[in-house]
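J.:
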Amino acid sequence: MQDIKEELFKMQDKEYQKFHSKLCPNVDNIIGVRIPLLRKMAKQIAKENARDFLKHTQVEYYEEKMLYGFVIGYQKNITIQERLAYLDQFVLMIDNWAVCDCSCSTFKFTLENLKIVWKYLKKYQKSNREYELRFLIIMLMDYYLVEEYIDEVLEIYNKIQHDGYYVKMAVAWAISVCYVKFPSKTMAFLKNNHLDDFTYNKAIQKMIESYRIEKEIKEKLRNMKRIAKN
Numbered sequence: 005m006q007d008i009k010e011e012l013f014k015m016q017d018k019e020y021q022k023f024h025s026k027l028c029p030n031v032d033n034i035i036g037v038r039i040p041l042l043r044k045m046a047k048q049i050a051k052e053n054a055r056d057f058l059k060h061t062q063v064e065y066y067e068e069k070m071l072y073g074f075v076i077g078y079q080k081n082i083t084i085q086e087r088l089a090y091l092d093q094f095v096l097m098i099d100n101w102a103v104c105d106c107s108c109s110t111f112k113f114t115l116e117n118l119k120i121v122w123k124y125l126k127k128y129q130k131s132n133r134e135y136e137l138r139f140l141i142i143m144l145m146d147y148y149l150v151e152e153y154i155d156e157v158l159e160i161y162n163k164i165q166h167d168g169y170y171v172k173m174a175v176a177w178a179i180s181v182c183y184v185k186f187p188s189k190t191m192a193f194l195k196n197n198h199l200d201d202f203t204y205n206k207a208i209q210k211m212i213e214s215y216r217i218e219k220e221i222k223e224k225l226r227n228m229k230r231i232a233k234n
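Just remember that our numbering sits 4 ahead of the position in the sequence shown, which is counted from 1.
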């Protein structure tokens with residue numbers, strides 16, 4: 005791990021550190037290494053000594069957490085049960101949206117194990133931790149917006165009740181993507197749901213801002229926004 009820290013600091017881009025730190029407020033351990041370089045490094049670790057790397061769960065820097073997630077995704081010759089055990093450790097590390105979202109997009113092994121990972125993810129429904137819930141929301145958005153699962157995914161989103169900003173924004177983003185893929189089902193959901201006003205209106209806003217939704221639909225969506233209560 006010390007060698008990895010040294011390599012990370014060799015790749016440090018201080019201007020990028022300043023820029024990215026603004027995108028991740030309250031995260032004060034960013035070295036400043038660009039994502040493509042982290043992905044390249046993670047692939048090398050996954051190829052050479054993934055298990056040794058993943059033994060180290062006490063990580064210090066943002067980039068180390070990102071690497072941990074990437075290595076879980078890139079590692080070859082590993083069972084799905086082993087991956088899920090590593091995920092248990094990784095999810096506890098997540099403390100910002102970027103580590104969560106970038107790592108989730110790397111967990112392509114989900115596509116070959118939809119039923120197993122679905123069962124695994126559902127345990128996070130009961131969590132009251134902001135980033136465990138975001139992990140659930142983003143994983144469902146990335147891999148389960150398909151005919152077989154869309155109804156259950158929308159129901160899970162409907163039941164999430166949490167005051168965390170990054171939970172609310174994840175649900176809003178996910179619902180906007182649901183609309184792109186399943187417009188009729190999502191429109192019906194928007195007309196009958198238990199979302200708080202902030203999350204609901206953010207979902208509408210994201211749909212209005214989407215380049216993948218027709219202008220005529222956007223006009224209808226504008227009229228669906230909830231009026232703030234005094």
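Note that the Cβ used here is the ideal one computed from N, Cα and C, for glycine as well. Here the structure is a predicted model, which means the values were calculated and not measured.
Would you decide whether alanine 50 is buried or exposed? Buried here means 16 or more other CB atoms lie within 10 Å of its CB.
T.: Under this definition alanine 50 is a buried residue.
J.: Quick check: the Cα distance between glutamate 86 and lysine 127, rounded to an integer number of angstroms?
T.: Distance between the alpha carbons of glutamate 86 and lysine 127: 17 Å.
J.: Is the Cβ-Cβ distance between valine 37 and glutamine 16 less than 8 Å?
T.: Against a cut-off of 8 Å, the Cβ pair of glutamine 16 and valine 37 comes out as a contact.
J.: Just confirm the distance between the C-beta atoms of isoleucine 199 and asparagine 162, as a whole number of angstroms; I'd bet it's less than 8 Å.
T.: Note on residue identity: the sequence assigns leucine, not isoleucine, to residue 199. Rounded, the Cβ-Cβ distance is 7 Å, consistent with contact.
J.: How far does the alpha helix (DSSP H) with methionine 191 in it reach, from first residue to last?
T.: Looking at the DSSP string, the run of the alpha helix (DSSP H) that includes methionine 191 is 187 to 195.
J.: Fully enclosed by the stretch 50 to 113, which alpha helix (DSSP H) runs are 4 residues long or longer?
T.: You should have 54 to 58, 66 to 78, 84 to 97 and 101 to 108.
J.: Given alanine 54, which residues of its chain have a CB within under 6 Å of its CB, disregarding the five upstream and five downstream residues?
T.: Around alanine 54: Val75 and Gln79.
J.: Could you tell me which of Leu12, Ala207, Lys26 and Lys59 sits nearest to leucine 41, measuring between CA atoms?
T.: Considering only alpha carbons, the answer is Leu12.
J.: Should asparagine 234 be labelled buried (16 or more other beta-carbon atoms within 10 Å of its own) or exposed?
T.: Only weak support exists for where asparagine 234 lies, its pLDDT of 48 falling under 50; the value from the coordinates is given anyway. Its Cβ having fewer than 16 others within 10 Å, asparagine 234 is exposed.
J.: For tyrosine 3, report the span of its alpha helix (DSSP H) as first-last.
T.: This structure cannot speak to residue 3, because the chain is shown only from 5 to 234.
J.: For aspartate 17, name the three-state secondary structure that DSSP assigns.
T.: It is coil, neither helix nor strand.
J.: Exposed or buried, what is methionine 5 when buried is set at 16 or more other beta-carbons lying within 10 Å of its beta-carbon?
T.: When all chains shown are included, methionine 5 counts as exposed.
J.: Please state the DSSP three-state secondary structure of arginine 43.
T.: Correct three-state label for arginine 43: helix.
J.: Could you tell me whether the stretch 91 to 98 touches the stretch 161 to 177, where touching means 3 or more Cβ pairs closer than 8 Å?
T.: No, because fewer than three Cβ pairs between the stretch 91 to 98 and the stretch 161 to 177 fall closer than 8 Å, the two stretches do not touch.
J.: Which of the three DSSP states, helix, strand or coil, is assigned to methionine 145?
T.: If DSSP states are grouped into helix, strand and coil, methionine 145 belongs with the helices.
J.: If you draw a straight line from the C-alpha of tyrosine 66 to the C-alpha of methionine 45, how long is it?
T.: Distance between the alpha carbons of tyrosine 66 and methionine 45 is about 15 Å.
J.: Under 6 Å Cβ to Cβ from valine 184, same chain only, skipping five residues before and after it: list those, please.
T.: Only Arg216 meet the Cβ criterion.
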